[in-house]
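With the first letter of the sequence shown counted as 1, position 155 gets the number 204 in this note's numbering; the numbers rise by one all the way through.
Built from N, CA and C at the ideal position, the CB exists for glycine as well.
Because the structure is a prediction, the values reported are computed rather than measured.
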Amino acid sequence: MSEDSKNTITILGEEIPLGASREINFNIAKLHTATKIEIPIIIERSKIPGPTILFSAGIHGDEINGVDIVRQLIARRINMPKRGTIICMPILNIFGFLSSKRAFPDGRDLNRVFPGSSNGSLASRVAHRLMHEIIPEVDLIIDFHTGGASRFNAAQIRIVRNHPELDELARIFGAPFVLYSNHISKSFRNACFQLGKPILLYEGGKSFYVDNNISKVGVEGVKRILAHYDMLHHRIKASPPKMPTVFIEESKWIRAKQSGMFKSAVNVNDKVEIDDVLGQITDPYGKIYHEVKSSIEGYVINVNEASLVYQGDALFHVTKQVS
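Structure, rendered in structure tokens:
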């Protein structure tokens, strides 16, 4: 990662010198009542030059566990760098967050419209400003997500293959798992990568829910990254991860073979063998009892916590090969 040695950076048209603290409102639109909708951006710059790191969350309005992680970085003053610059954007999709919905009011998924357009949809315009007025000043992005619906993700970093710098950063972050995942067209991760900006995508937990362990793994990972770049303030300590990170080469979804009432028998992070019972599917009348068994050996990195499932629903995400 290259280091920004500029004395002044420009975010949304505002010049910010070394040693400055700023809270800039990203004004994206107004409600029908003419009330402004703004995204607060918290910027902390040391007097000593160094890298600029962006911590972002809430690109989907229902993924609040990532919002909690970035909130903790600010509340615990982890975002006060020893050197360099830290930018925190706790909620990228403020509309979805306020309405408890994943998408924007126009129905678009913000994470599928990058790099956006200055004349496009509301979501596209937000993406365009983010990519043109914030990301150019950034050297590294860590973007926080959760699992969707009732699917609970184990804490994991997602990166693309064959990029040693990302492998090293993921190992330093120290989440239990690293999942090699191709970029999705028009996603924030893909748009940043196309600009040559290294990005780690952190997945953990599920939508509409804050899990303390998922938050802790995220916060501790951030501290390790900051310590790696000598940006972590001396009053804050970074601890090593409890176990080595498992790099996942392949994984497989195990799906429901029939509909019914579902109970999981395993948790995320569990190691399973072939033919281990992962859960049960039953019916309300006591006539059906179906055991869901693992067809592969590996770690469970996602569990569907829904009580009712349909045939074909994804129940468990299990690693297929690990390194």
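Inset, instruction - Decide if the stretch 145 to 154 is in contact with the stretch 281 to 292; the criterion is three or more beta carbon pairs, one per stretch, under 8 Å apart. - result: Judged by Cβ distances under 8 Å, the stretch 145 to 154 makes no contact with the stretch 281 to 292, as fewer than three pairs qualify.
Legend entry - Exposure of R66, with buried meaning 16 or more beta-carbon neighbours within 10 Å: Arg is not the amino acid found at residue 66; the sequence shown has Pro there. Counting Cβ neighbours within 10 Å, P66 comes out exposed, since fewer than 16 surround it.
Legend entry - Pair within 9 Å by beta-carbon distance, I283 and K131: Going by the sequence as given, residue 283 is His instead of Ile. Yes, they are a contact pair.
Legend entry - Touch test, the stretch 148 to 167 against the stretch 101 to 114, Cβ-Cβ under 8 Å, three pairs minimum: Yes, they touch.
Inset, instruction - Could you have a look at N318 and say whether DSSP puts it in helix, strand or coil? - result: Residue state, collapsed to three classes: coil.
Inset, instruction - Compare the Cα-Cα distances from A276 to each of T294, H232, I221 and report the closest residue. - result: Checked all of T294, H232, I221; the closest Cα to A276 is I221.
Inset, instruction - Confirm, please, whether the CB-CB distance from G361 to D332 is below 9 Å. - result: G361 sits away from D332, with the two beta carbons spaced by 9 Å or more.
Inset, instruction - Put D376 into one of helix, strand or coil per three-state DSSP. - result: In this structure the chain extends from 50 to 372, so residue 376 is not present and cannot be described.
Inset, instruction - Starting from the C-beta of T57, find all residues in its chain whose C-beta is less than 6 Å away, skip the five residues before and the five after it, and write them out in chain order. - result: Excluding residues within five positions, the ones whose Cβ falls inside 6 Å are E64, P66.
Legend entry - Distance, L244 Cα to Q205 Cα: Roughly 24 Å between the two C-alpha positions.
Legend entry - Best match in Q307, M180, R126 for proximity to F75 [C-alpha to C-alpha]: Out of Q307, M180, R126, M180 has the C-alpha closest to the C-alpha of F75.
Legend entry - E214, enclosing beta strand (DSSP E) - first and last residue: E214 -> not in any beta strand (DSSP E); alpha helix (DSSP H) instead, spanning 213 to 222.
Inset, instruction - Could you check what DSSP says for L249 in three-state terms: helix, strand or coil? - result: L249: strand per DSSP, three-state reduction.
Inset, instruction - Determine the DSSP secondary structure at D117, reduced to helix, strand or coil. - result: Here D117 sits in helix by DSSP.
Inset, instruction - Measure from the alpha carbon of V317 to the alpha carbon of each residue in I330, I191, I118, R200, then state which is nearest. - result: Just measuring C-alpha positions, the residue of I330, I191, I118, R200 sitting nearest V317 is R200.
Inset, instruction - Would you mind stating whether I323 and H366 have Cβ atoms separated by less than 9 Å? - result: Using a Cβ distance threshold of 9 Å, I323 and H366 do not count as a contacting pair.
Inset, instruction - Would you tell me roughly how many angstroms separate the C-alpha atoms of T134 and I184, rounded to the nearest one? - result: Taking the straight line from one Cα to the other gives about 13 Å.
Legend entry - Among L103, V349, L215, nearest to E299 - alpha-carbon criterion: Ranked by Cα distance from E299, the first of L103, V349, L215 is V349.
Inset, instruction - Find out if the Cβ-Cβ distance for the pair D192, A106 is shorter than 9 Å. - result: Yes, they are a contact pair.
Legend entry - K255, buried or exposed, once every other Cβ within 10 Å from all chains shown has been counted against 16: K255 is buried by the Cβ-count criterion.
Legend entry - A203, buried or exposed, once every other Cβ within 10 Å from all chains shown has been counted against 16: Burial state of A203 is buried, judged by a 10 Å Cβ sphere holding 16 or more other Cβ atoms.
Inset, instruction - Sort out for me which residues DSSP pairs T101 with in a bridge. - result: Note: T101 is bridge-paired with T134 in the DSSP secondary-structure output.
Inset, instruction - Could you tell me if T59 is buried or exposed, where buried requires 16 or more neighbouring beta carbons within 10 angstroms of its beta carbon? - result: Counting Cβ neighbours within 10 Å, T59 comes out exposed, since fewer than 16 surround it.
Legend entry - Touching by the beta-carbon criterion (3+ pairs, under 8 Å), the stretch 112 to 128 and the stretch 267 to 276: The stretch 112 to 128 vs the stretch 267 to 276: in contact.
Inset, instruction - State the start and end residues of the unbroken alpha helix (DSSP H) segment that holds R125. - result: Looking at the DSSP string, R125 is not in any alpha helix (DSSP H), and its letter there is neither H nor E.
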